[in-house]
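Read through the structure below, which is laid out as structure tokens, and then see the notes.
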Amino acid sequence: MSIDVIEKNRPRAYPPRPTECTAIFWEALEKGKFQTTKCNDCDSFTFPPKPICPHCWSSSVSWKELSGKGTLYSRTTIYAAPATFENETPIHAGIIDLEEGIRIATQLIEDEAIPIDSPVEIVAIRYTDGPLYGARKAE
Amino acid sequence: MSIDVIEKNRPRAYPPRPTECTAIFWEALEKGKFQTTKCNDCDSFTFPPKPICPHCWSSSVSWKELSGKGTLYSRTTIYAAPATFENETPIHAGIIDLEEGIRIATQLIEDEAIPIDSPVEIVAIRYTDGPLYGARKAE
Amino acid sequence: MKQNVAILGMAATPVGKYQSDPSADIHTLEHELLAKLVIEAMQDGGLPKEEVDSLVLAQCRPYTQQKYFATFMANYLRMPCTASVMEVLGNGMTGGIALEQAIRDIESGRARAALALGANFESRTPSAEHMNSSMRATGDVDFHTPFGLTPIAWYAMDANRYIHEYGSSRRELASVAVKDRYHASLNPIAQYQKTITLDDVMAQREIVEPLGLYEVPPRGDGAVCILLCSEDMAKASGKPYVLVKGRGFYHEGVHQISEIPNDMIAFNSLQRASKSAYENAGISAQDLDFAEIYAPCTIVEVLASEAMGLAPRGKGARAAVDGETTLGGRIPISTSGGLLSRGHPAYVTPLYNMYEAVEQLRGDAGKRQVKEARLGATSCELGNYNAAMVQILEAVR
Amino acid sequence: MKQNVAILGMAATPVGKYQSDPSADIHTLEHELLAKLVIEAMQDGGLPKEEVDSLVLAQCRPYTQQKYFATFMANYLRMPCTASVMEVLGNGMTGGIALEQAIRDIESGRARAALALGANFESRTPSAEHMNSSMRATGDVDFHTPFGLTPIAWYAMDANRYIHEYGSSRRELASVAVKDRYHASLNPIAQYQKTITLDDVMAQREIVEPLGLYEVPPRGDGAVCILLCSEDMAKASGKPYVLVKGRGFYHEGVHQISEIPNDMIAFNSLQRASKSAYENAGISAQDLDFAEIYAPCTIVEVLASEAMGLAPRGKGARAAVDGETTLGGRIPISTSGGLLSRGHPAYVTPLYNMYEAVEQLRGDAGKRQVKEARLGATSCELGNYNAAMVQILEAVR
Ligand SMILES: [Zn+2]
Ligand SMILES: [Zn+2]
Chain L
72 MSIDVIEKNR PRAYPPRPTE CTAIFWEALE KGKFQTTKCN DCDSFTFPPK PICPHCWSSS
132 VSWKELSGKG TLYSRTTIYA APATFENETP IHAGIIDLEE GIRIATQLIE DEAIPIDSPV
192 EIVAIRYTDG PLYGARKAE
Chain S
72 MSIDVIEKNR PRAYPPRPTE CTAIFWEALE KGKFQTTKCN DCDSFTFPPK PICPHCWSSS
132 VSWKELSGKG TLYSRTTIYA APATFENETP IHAGIIDLEE GIRIATQLIE DEAIPIDSPV
192 EIVAIRYTDG PLYGARKAE
Chain D
1011 MKQNVAILGM AATPVGKYQS DPSADIHTLE HELLAKLVIE AMQDGGLPKE EVDSLVLAQC
1071 RPYTQQKYFA TFMANYLRMP CTASVMEVLG NGMTGGIALE QAIRDIESGR ARAALALGAN
1131 FESRTPSAEH MNSSMRATGD VDFHTPFGLT PIAWYAMDAN RYIHEYGSSR RELASVAVKD
1191 RYHASLNPIA QYQKTITLDD VMAQREIVEP LGLYEVPPRG DGAVCILLCS EDMAKASGKP
1251 YVLVKGRGFY HEGVHQISEI PNDMIAFNSL QRASKSAYEN AGISAQDLDF AEIYAPCTIV
1311 EVLASEAMGL APRGKGARAA VDGETTLGGR IPISTSGGLL SRGHPAYVTP LYNMYEAVEQ
1371 LRGDAGKRQV KEARLGATSC ELGNYNAAMV QILEAVR
Chain X
1011 MKQNVAILGM AATPVGKYQS DPSADIHTLE HELLAKLVIE AMQDGGLPKE EVDSLVLAQC
1071 RPYTQQKYFA TFMANYLRMP CTASVMEVLG NGMTGGIALE QAIRDIESGR ARAALALGAN
1131 FESRTPSAEH MNSSMRATGD VDFHTPFGLT PIAWYAMDAN RYIHEYGSSR RELASVAVKD
1191 RYHASLNPIA QYQKTITLDD VMAQREIVEP LGLYEVPPRG DGAVCILLCS EDMAKASGKP
1251 YVLVKGRGFY HEGVHQISEI PNDMIAFNSL QRASKSAYEN AGISAQDLDF AEIYAPCTIV
1311 EVLASEAMGL APRGKGARAA VDGETTLGGR IPISTSGGLL SRGHPAYVTP LYNMYEAVEQ
1371 LRGDAGKRQV KEARLGATSC ELGNYNAAMV QILEAVR
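Protein chains in written order, with our numbering: chain L, 72 to 210; chain S, 72 to 210; chain D, 1011 to 1407; chain X, 1011 to 1407.
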């Protein structure tokens, strides 16, 4: 159930900061595992992963692997980007509804426009300084 | 009635920004004239100079020269200074009641401690990039 | 006992470019400009300064060198206060929060008169630098910002979803920009007053697909002061005034996107806030003579007009195309020219929207006057309208 | 009808150093820490999250990367709100303004329960860099900052004037620091808990003459959440609570110094604010069992104690020397250890002061418990106490 891993030969433009909780996410992602926290009390997923459940505020959460499969809810291409991202424009980004019932926003790693409501899949991307994720058209 | 002018062979650490109104103050100061705005309606002085009277909100104000004579209300020496001022520590500063009935805060340009409630006088200081003012023990 | 709240005076500077280069010989500074407006607003309302018990300031941009601007202004204008002296912040809603706190100070009787005010200077900071800060505002710094998402990228995704769901088109959305510019051409304080055509809009380079340059907000500087007081005090003044007839606020507990999939383009918070405001005012959407909507992009005005019940779901863009939201139409929207053409100095934009609503309701809107305007609405928001604030305003002359 | 306002729950992290180096492998982030405290405060009060209608956040320091923190937190904890979601700012008074807005939301009935909260992370920024920002806050950027005036330089000038006028001494002032440290030694959330002697205080290097290192505030990080609700709701909970019995606010329309010469060390605003608060609560200063005063320097506690009527003019320092303000004394002041020893993460300091007052009034203060504490006061300020806010709190058990 692991996701594909792609290599990128450059560092991330704006690296996320791992915390005791989210480091677990980033470390698993590096190995091609896409997971998040799920509440042991109310069974809700949450994304980004959190040490608590935002829905019922339980502190009892477990890591659950996600399939990485979903549907593209919407998308855009960003031509005017922040200075930090000037070497990465145009940036393709989208909102994805994962099959586990979680909505996330991330980069779309293919240049061609993916049709809204079509299937997409999450991939892990290993930059030289650490991982990020992104989505592409599903097979 | 002009004040003494002292030369300093370095730029100001944190230069003030002249506006249409306050440029008149800084330009006069450069020439040894210490002046501020006075309300034509309620006769109140204001300092710093302003295009309006803060007391009655009249927009009719005139420039009036000040004697620069006053009394030291309080003082301190700043040993822990902002990075911008690191080459200027220790900084001597004081609050001065001018004889026209205006209270101001400024630098004290002598190293020795001036006694509180003793007479002081304002001097203009010409730095290489523009003027500031300061106070010293009066003769 | 709750006081009815009135808007009795105001002043604003035209939206434009004021901020000085740090090395300028002569600077235009926020406090000198804003002080002038405070005095003008008080003269407009005919109240002496001593009546003001409350100063609520929309926070300045971080580029403003003078920090703690509210207390600085209290000194600059020598205004002792017994109710509030504070700065508030909440993204694009900042100016609306300032208004709301001033309203609350009057309503509760804590303040006799209150000022909601602010100066937003930012034009000297290049957009790419500015976005280095704003990209950390409209999403999660660790789970959204690393992908390069900018504030308007979220609105662009609204646009593509809207086009997909309702079979609308970029041309339909773009018509909002043409209408806004026409309104701005009649507004002497608008940043862009030269009319444009639909072809002009479509010909611009894309900023965030499908939105081009004329469909996203320009950047500019501005400053506004709004004077509020109890209705009793407003009545006693003998001047025309505007009554704050109803208000609504709702935050859906979501930042940009809901992790639980929802109908993102329903603007759920605005639906709730406007419903509360209408109920609070005892009116329905159909009673409004105009709406001054917080809409940084064409698509946002369309979605907001639908959420506020001014157009049916999926028909907002069409309503714009058909002229229903143009001056003289069924429900004129953004008669000021809106954020796109009146301009968008973001932290004070809701104050500018209020300024326009009051001009309309006092009959002072000149060539862009909505005939017999009696009831108007203003909205503002943060995120992707994840929180919304709505005010219903009534003319009393 | 006005609701009586109660404090029903709270949580705070010990003041210390949390902020991570930007290059750290594992970061401590403001939102994870604060979310934990929100949940703890709600558990402490025994209320479900659905009761909270209002989130008022003391703004974060500019070093906090996640911007628009209030709306971010509303999402992080999935808290829809109908009354307020906003950030407030007002120098050292920031946390007090957050509390006051939350109180107003309860008092007016807009909110059933409200949270006043904040996280102030700054310890990784060196003091000299931090002062490059704070020097632009406590004076006029163009007429004070060019002289190198820092925030505490103004308090130092208070100290010299006080010594001059009342024949007090640096030793007398310094005794406040010894007393505060003793209190902090009994407070598990204090930043500095090791007791010190008067000689220790006098032996420190001068920071702003006449004040040495132990007489000016340390820098640190902290986070606090305070839960407020109507007294009816607090009563229904069956838990002990604290009643907000009186409040006062006054801004004298001055920033640091009055251009019209006045008695600078009278703390005129605090005199007015505490008088209002006492009247509002129907008490006098003599009725207080303790006071948790916002005092960044020894001299400030002395002057504030005089302005609040807890010591005669000119006798405040002497009262500290004589142990009147120590635990067990006539009127214990800053039982938490105060800003000097409990710590001073500035934007949330007033929330920490409220935390201490509630611990005292609930009888939860352990070894530093004021016996039979029933009535307490908190104060906060901005500038050189140019604005002051006072809350009178009563124990209900
Ligand atoms: Zn749960
Ligand atoms: Zn005057």
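Every residue, glycine too, gets a C-beta built ideally from N, C-alpha and C.
Burial state of residue i, where buried means 16 or more other Cβ atoms lie within 10 Å
| i | result |
| --- | --- |
| aspartate 112/S | exposed |
| glycine 1338/D | exposed |
| aspartate 1083/X | One point to set straight first is that residue 1083/X is methionine, not aspartate, in the sequence displayed. Buried: at least 16 other Cβ atoms inside 10 Å. |
| serine 1279/D | buried |
| glutamate 181/L | exposed |
| isoleucine 1036/D | exposed |
| glycine 1248/D | exposed |
| lysine 54/L | Because chain L spans 72 through 210 in this model, residue 54/L falls outside it and cannot be assessed. |
| glycine 172/L | exposed |
| glutamate 1311/D | buried |
| lysine 1255/X | buried |
| threonine 147/S | buried |
| arginine 1352/D | buried |
| proline 87/S | buried |
Residue(s) in a DSSP beta bridge with residue i
| i | result |
| --- | --- |
| glutamate 1262/D | Looking at the DSSP assignment, glutamate 1262/D forms no beta bridge with any residue, so it has no partner. |
| arginine 1232/D | Arginine is not the amino acid found at residue 1232/D; the sequence shown has glycine there. In DSSP, glycine 1232/D forms a bridge with Asn1130/D. |
| histidine 163/S | Thr148/S |
| valine 1252/D | Ile1017/D, Ala1405/D |
| serine 1030/X | Serine 1030/X is not bridged to any residue. |
| arginine 207/L | Glu192/L |
| alanine 1301/D | Ile1343/D, Ala1387/D |
Close-in-space but distant-in-sequence residues of the same chain around residue i (CB under 7 Å, 5 per side omitted)
| i | result |
| --- | --- |
| serine 1185/X | Leu1208, Ala1330, Val1331 |
| proline 213/S | Any question about residue 213/S goes unanswered here, given that chain S covers just 72 to 210. |
| serine 1451/X | There is simply no residue 1451/X to check, as chain X begins at 1011 and stops at 1407 in what is shown. |
| aspartate 188/L | Thr142, Leu143 |
| glutamine 106/S | Phe96, Ala99, Trp134, Lys135, Glu136, Leu137 |
Cβ shell of residue i (< 6 Å), same chain only, five flanking positions each side left out
| i | result |
| --- | --- |
| proline 122/L | Cys92 |
| arginine 1180/D | Pro1220 |
| isoleucine 1375/D | Strictly speaking, residue 1375/D in this sequence is alanine, with isoleucine absent from that position. Taken in chain order, the residues that qualify are Glu1369. |
| cysteine 1390/D | Met1103, Gly1106, Tyr1304, Pro1360, Met1399 |
Proximal residues to residue i (C-beta, below 8 Å), its chain only, five neighbours per side dropped
| i | result |
| --- | --- |
| isoleucine 1162/X | Ile1217, Val1218, Leu1221, Val1226, Pro1227, Pro1306, Cys1307 |
| glutamate 1040/X | Cys1070, Thr1074, Gln1076, Phe1079, Ala1129, Phe1131, Ala1233 |
| alanine 1093/X | Asp1063, Ser1064, Asp1115, Arg1120, Ala1121, Ala1124 |
| leucine 1047/D | Ala1021, Ala1022, Thr1023, Leu1127, Ala1233, Val1234, Cys1235 |
| glutamate 1061/D | Arg1122, Ala1123, Cys1239, Met1243 |
| arginine 81/L | Tyr198, Thr199 |
> Going along the chain, which residues of the region 112-127 of chain S sit with their C-beta nearer than 8 Å to a C-beta in chain D?
Replying inline: Closer than 8 Å at the C-beta level to chain D, one finds these residues of the region 112-127 of chain S: Lys121, Pro122, Ile123, Pro125, His126.
> Name the residues in the region 1052-1085 of chain X whose C-beta lies less than 7 Å from a C-beta of chain L; which are they?
Replying inline: So the list reads Lys1059, given in the order they occur along the chain.
> Between the region 145-164 of chain S and chain X, which residues of the former have a C-beta closer than 7 Å to a C-beta of the latter?
Replying inline: Residues passing the 7 Å Cβ filter: Ser145, Arg146, Thr147, Thr148, Ile149, Tyr150, Ala151, Ala152, Pro153, Ala154, Thr155, Phe156, Glu157, Glu159, Ile162, Ala164.
> Can you list, in chain order, the residues of the region 1232-1244 of chain X whose Cβ is nearer than 8 Å to any Cβ on chain L?
Replying inline: Listed by position, the residues of the region 1232-1244 of chain X near chain L (Cβ gap below 8 Å) amount to none.
> What residues from the region 1148-1159 of chain D come within 9 Å of chain L, judged by C-beta to C-beta, listed N to C?
Replying inline: Listed in sequence order: Gly1149, Asp1150, Val1151, Asp1152, Phe1153, His1154, Thr1155, Pro1156, Phe1157, Gly1158, Leu1159.
> Taking only runs of the beta strand (DSSP E) that begin and end inside the region 156-200 of chain S, which ones reach a length of at least 3 residues, in chain order?
Replying inline: The region 156-200 of chain S contains these whole beta strand (DSSP E) runs: 162-169, 174-179, 190-198.
> In chain order, which continuous runs of the alpha helix (DSSP H) of length 4 or greater are located wholly inside the region 1094-1180 of chain X?
Replying inline: Listed in chain order, the complete alpha helix (DSSP H) runs (minimum 4 residues) inside the region 1094-1180 of chain X are 1104-1117, 1137-1144, 1161-1176.
>> Closer than 8 Å between beta carbons: that is the criterion. Which residues of the region 1204-1216 of chain D meet it against chain L?
In response: Only Arg1215, Glu1216 from the region 1204-1216 of chain D bring a Cβ to less than 8 Å from some Cβ of chain L.
>> So within the region 1179-1246 of chain D, which uninterrupted alpha helix (DSSP H) runs reach at least 4 residues, ignoring any that extend past its ends?
In response: Secondary structure within the region 1179-1246 of chain D: the alpha helix (DSSP H) runs of 4 or more consecutive residues, fully enclosed, are 1180-1194, 1208-1213 (chain order).
> Using a Cβ cut-off of 8 Å, which residues of the region 1088-1117 of chain D contact any Cβ in chain S, in chain order?
Replying inline: Answer in chain order: Arg1088.
> Quick one, which residues of the region 1256-1279 of chain D are near chain L if we go by CB-CB under 9 Å, in chain order?
Replying inline: Taking 9 Å as the Cβ-Cβ cut-off, the region 1256-1279 of chain D approaches chain L at Gly1263, Gln1266, Ile1267, Ser1268, Glu1269, Ile1270, Pro1271, Asn1272, Met1274, Ile1275, given in chain order.
> Name the residues in the region 1118-1143 of chain D whose C-beta lies less than 9 Å from a C-beta of chain L; which are they?
Replying inline: So the list reads Pro1136, Ser1137, Ala1138, Glu1139, His1140, Met1141, Asn1142, Ser1143, given in the order they occur along the chain.
> Closer than 9 Å, Cβ to any Cβ of chain X: which residues of the region 187-205 of chain L, in chain order?
Replying inline: Near chain X, meaning a CB-to-CB distance below 9 Å, no residue of the region 187-205 of chain L qualifies.
>> Report the start-end ranges of each beta strand (DSSP E) in the region 77-128 of chain L that is 3 residues or longer and not cut off at the edges.
In response: With a minimum length of 3 residues, the continuous beta strand (DSSP E) runs that stay inside the region 77-128 of chain L are 106-110.
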